[in-house]
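Have a look at the structure below, then the notes.
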Amino acid sequence: MTKPKFGPTRSELLFRLGFSIVGLGLLVGAVAVRGMPKGPAMFETIGVAGLFFGGTLIWTGWKLVKGIYADAPD
């Protein structure tokens, strides 16, 4: 795979990975303490926040494992 000329660096991807892990942890903690939301709050909490943090976690992990970042060694 060729190294991208532009895009996030490895350190930025590590920050995003940590941010996603913390965000998912806070989401799980909130559901554990407050209980499972009902109605529109469930869509917002689980759907939007879970999709954002989960998607970022998967995308960032994939980029790091594959070595697809701007300052990757040649």
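Quick note on my numbering: the sequence shown kicks off at 316 and runs consecutively. Note that beta-carbon positions come from the ideal geometry of N, C-alpha and C, so glycine has one too. Note that this is a predicted model, so its numbers are computed, not measured.
query                                                                                                              : result
Distance between beta carbons of Ser335 and Thr371, contact taken as under 8 Å                                     : 4 Å
C-beta atoms of Ala387 and Lys318 nearer than 9 Å                                                                  : yes
Burial state of Phe358 (16 or more Cβ within 10 Å)                                                                 : exposed
Reduced DSSP category for Met357 - H, G, I as helix; E, B as strand; rest coil                                     : helix
Cβ separation of Leu379 and Leu328, assumed to be a contact under 8 Å, to the nearest whole Å                      : 5 Å
Distance CB(Pro352)-CB(Val343) smaller than 9 Å                                                                    : no
Close-in-space but distant-in-sequence residues of the same chain around Thr375 (CB under 6 Å, 5 per side omitted) : Leu328, Arg331, Leu332
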